[in-house]
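Engineer:
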Amino acid sequence: MKSKNLAEKITLFLIIICSSITLNLILINEYPAIFSIQNVDGATNPFIADFSFDSSPTSNLFLVYREQLLDYNKLQILSADSDYQWNFTTDTITQENDSFILQSTPSLQAGSSKLWIVSSYMQSTDMGIILYSKNYSENEWNSSIILKNQAISYLNPKIVLDKTNDTLWLCWKDSHEISINLYYMTYNLTSHSWSSNYTINTINGLNCSNYDFILDGSGNAHFIWTQGIKPSNQIYFRTVMSNGTMSSVEILTDGTTNCISPTLVVDSNYYLNAIWENQTVENPEDEYGTINIQSSRKSIANGTWSKSIEIAPYIPVDRPPSSRSDASHPTAAMDATDNIWLAYIIREDYAYHQGVDIRNRNGPDWKPSVKLSLVNNLAIQPKVKSDQAGNLHCLWLDLRTGSYVIYYRVKFANNQWSDEILLTRFSNRTGDMLKFALIAIGVIAVMTIPSFILARALRKREERKLKRKIDLLQ
1 MKSKNLAEKI
11 TLFLIIICSS
21 ITLNLILINE
31 YPAIFSIQNV
41 DGATNPFIAD
51 FSFDSSPTSN
61 LFLVYREQLL
71 DYNKLQILSA
81 DSDYQWNFTT
91 DTITQENDSF
101 ILQSTPSLQA
111 GSSKLWIVSS
121 YMQSTDMGII
131 LYSKNYSENE
141 WNSSIILKNQ
151 AISYLNPKIV
161 LDKTNDTLWL
171 CWKDSHEISI
181 NLYYMTYNLT
191 SHSWSSNYTI
201 NTINGLNCSN
211 YDFILDGSGN
221 AHFIWTQGIK
231 PSNQIYFRTV
241 MSNGTMSSVE
251 ILTDGTTNCI
261 SPTLVVDSNY
271 YLNAIWENQT
281 VENPEDEYGT
291 INIQSSRKSI
301 ANGTWSKSIE
311 IAPYIPVDRP
321 PSSRSDASHP
331 TAAMDATDNI
341 WLAYIIREDY
351 AYHQGVDIRN
361 RNGPDWKPSV
371 KLSLVNNLAI
381 QPKVKSDQAG
391 NLHCLWLDLR
401 TGSYVIYYRV
411 KFANNQWSDE
421 ILLTRFSNRT
431 GDMLKFALIA
441 IGVIAVMTIP
451 SFILARALRK
461 REERKLKRKI
471 DLLQ
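Numbering (our numbering), first residue to last: 1 to 474.
(1) DSSP three-state call for R359: helix, strand or coil?
(2) Check for me: the beta strand (DSSP E) holding F426 runs from which residue to which?
(3) In this structure, does DSSP put K367 in helix, strand or coil?
(4) Applying the criterion that 16 or more other CB atoms from any shown protein chain within 10 Å of the CB defines a buried residue, is G228 buried or exposed?
(5) Pick helix, strand or coil for S350, following the three-state DSSP scheme.
(6) What are the boundary residues of the beta strand (DSSP E) that I130 is part of?
(7) How big is the Cα-Cα spacing for A301 and Y270?
(8) Identify whether E462 lies in helix, strand or coil by the three-state DSSP scheme.
(9) Pick helix, strand or coil for E96, following the three-state DSSP scheme.
(10) Are three or more beta carbon pairs between the region 377-384 and the region 334-347 nearer than 8 Å?
(11) Which one of T239, E250 and D98 has the shortest CA to CA distance from W198?
(12) When you compare each of S99, L108, V265 and N188 to N339 by their alpha carbons, which one comes out closest?
(13) Is P262 helix, strand or coil when you go by DSSP?
(14) Could you name the residues that DSSP lists as bridge partners for R400?
(15) Can you tell me whether A389 is buried or exposed? The criterion is at least 16 other CB atoms within 10 Å of its CB, across all chains shown.
(16) For Q95, which residues from the same chain have a beta carbon less than 6 Å from its beta carbon, with the 5 sequence-adjacent residues on both sides left out?
(17) Taking Cβ positions, are L115 and F62 nearer each other than 9 Å?
(18) Assign P320 to one of three DSSP states: helix, strand, or coil.
(19) With distance defined between alpha-carbon atoms, name the residue in S299, N278 and P284 nearest to N292.
(20) Could you pull out every residue in the same chain whose Cβ sits closer than 7 Å to the Cβ of N154, ignoring the five residues on either side in sequence?
(21) Taking the beta carbon of R459 as the centre, do at least 16 other beta carbons fall within 10 Å, making it buried, or is it exposed?
(22) When DSSP builds the beta bridges, which residues end up paired with M246?
(23) Would you kindly check if the distance between the Cβ of K385 and the Cβ of F53 is under 9 Å?
(24) Mind checking which residues open and close the beta strand (DSSP E) that includes I117?
(25) Do you know offhand how far N273's Cα is from D98's?
(26) On the CB-based measure, 16 or more other CB atoms within 10 Å of its CB, does P330 come out buried or exposed?
(27) Alpha carbon to alpha carbon, what distance is there between I180 and L206?
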């Protein structure tokens, strides 16, 4: 009898353990997400380091990203058709090895018949910028080295396609002078030739950090960048005219705060809108309510920059006065209905809200913000772009699955928002099968508990009846 009771206790203990495992798997992984992020070959989880995306003239979408896998990155690309149905079969452009390392966020441009991607790299003792290209009708990627040197670090290259003049603009930072400065060159797609290098900023001794540049449709390129020393980095601006003439350098800030992460967008009135992150204390990560987003604008034709105003975070009028919010890392785009859309990272102590928010401006006034990422967790690197059909595409890196993955939403031309779509999935068949097996065992265990308890109760009842009969016979 004692051995039977011991067996029952062991069985019940195993059932409880299996049930607990099942509950934890469901709660931690939210069951549908168990296929999204897994360990690979026993290593730590892979994650997305950074990404870039663009829309072609036919409204097809292309997404390129660096996947951190084991010790090396892979450069991968995904695509979606004009109905925004994503093909989740990845195309690997290149993979790092012991002698070849990608060093920067890839930059992607989609033309009418071709894709271009640039990144900085290091190979043996050489450092440089590499260009990958492919016609839509081709299967293989072509690569070419644009710049190479053993003593210079080439940082954060970006490309922009000038569709009007059939030209690629390439901008980057490097350290071949006293400090890290900003440079550009152009590539003629007809003659297949690169221009000389030109320097955008000329302030030696102060490093250039974040930057952005855009083309305005008339062949002019507008550059904006951060330069200086924390906590007094400033925002600088310069234009390269279509004939190659450069404007004078303009400073948009006064140096009393730390200004970083600038971006540019041209609105329908042919105004330049400069947007940047403004840090009001030296260590803003330690204190809520110390980071906001500022904006200034001017006419491209002959304007001067307006006084900057705070455009994020958005604080509702019914919010408690003691609540504190931060907005950082702005990205902006204009849609087909002349709305400027601003996406940014939000961090609030009110209701512990964090993620990516978005708001728009149509005319002079900014509208209230809404959540772009729908789950309250850490999200970074928001990016927004509009297409020729009037849709706004939004992507960001999200930590909700335990590693950074890319999520996507689209605001259609009819102003309806899509649901969130997880674009990057890391699969490990062994890990998937193990979790499936554990869940199956746990489900069976949970279903067995009532039957086990009932059977045990009935057996106890029969034992009591038998004991009474024995007592009567005695």
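The beta-carbon is built from N, C-alpha and C at its ideal position, and this holds for glycine as well. In this text the structure is predicted, and so the values were computed from the model without any measurement.
Structural biologist: To lay it out plainly:
(1) Strand, per DSSP.
(2) First-last for F426: undefined, no H or E at that position.
(3) The answer is coil: DSSP assigns K367 none of H, G, I, E or B.
(4) With 16 or more Cβ atoms within 10 Å of its Cβ, G228 is classed as buried.
(5) It should be noted that the sequence gives Tyr, not Ser, for residue 350. In the three-state reduction of the DSSP assignment, Y350 falls in the helix class, which pools H, G and I.
(6) Taken as a continuous stretch (DSSP letters only), the beta strand (DSSP E) holding I130 covers D126 to N135.
(7) Approximately 8 Å between the Cα atoms of the pair.
(8) Of the three classes helix, strand and coil, the one that applies to E462 here is helix, per DSSP.
(9) In this structure, E96 counts as coil in the three-state DSSP scheme.
(10) Cβ pair count under 8 Å is three or more, so yes.
(11) Just to set this straight, residue 198 is Tyr in the shown sequence, not Trp. Comparing alpha carbon positions, the residue from T239, E250 and D98 closest to Y198 is T239.
(12) Checking every option, the nearest Cα to that of N339 belongs to V265.
(13) The three-state secondary structure of P262, taken from DSSP, is strand.
(14) Bridge partners of R400 according to DSSP: none are assigned.
(15) Under this definition A389 is an exposed residue.
(16) Taking Q95 as the centre and dropping the five residues before and after it, the same chain places the C-beta of K74 closer than 6 Å to its C-beta, in chain order.
(17) L115 places its beta carbon less than 9 Å from that of F62.
(18) The DSSP-derived three-state label of P320 is coil.
(19) Minimum Cα distance to N292 is reached at N278.
(20) Checking the sequence, you will find Tyr at residue 154 rather than Asn. Closer than 7 Å at the Cβ level, and outside the excluded window around Y154, lie S120, M127, G128, I129, L147, W172 and D174.
(21) Of the residues assessed, R459 falls on the exposed side of the cut-off, its CB having fewer than 16 other CB atoms within 10 angstroms.
(22) DSSP output for M246 lists V240 as bridge partner(s).
(23) Yes, these two residues count as a Cβ contact at 9 Å.
(24) Start and end: K114 to Q123.
(25) A direct Cα-Cα distance of roughly 43 Å separates N273 from D98.
(26) By the neighbour-count criterion, in which a residue is buried when 16 or more other Cβ atoms sit within 10 angstroms of its Cβ, P330 is buried.
(27) Roughly 8 Å separates the two Cα atoms.
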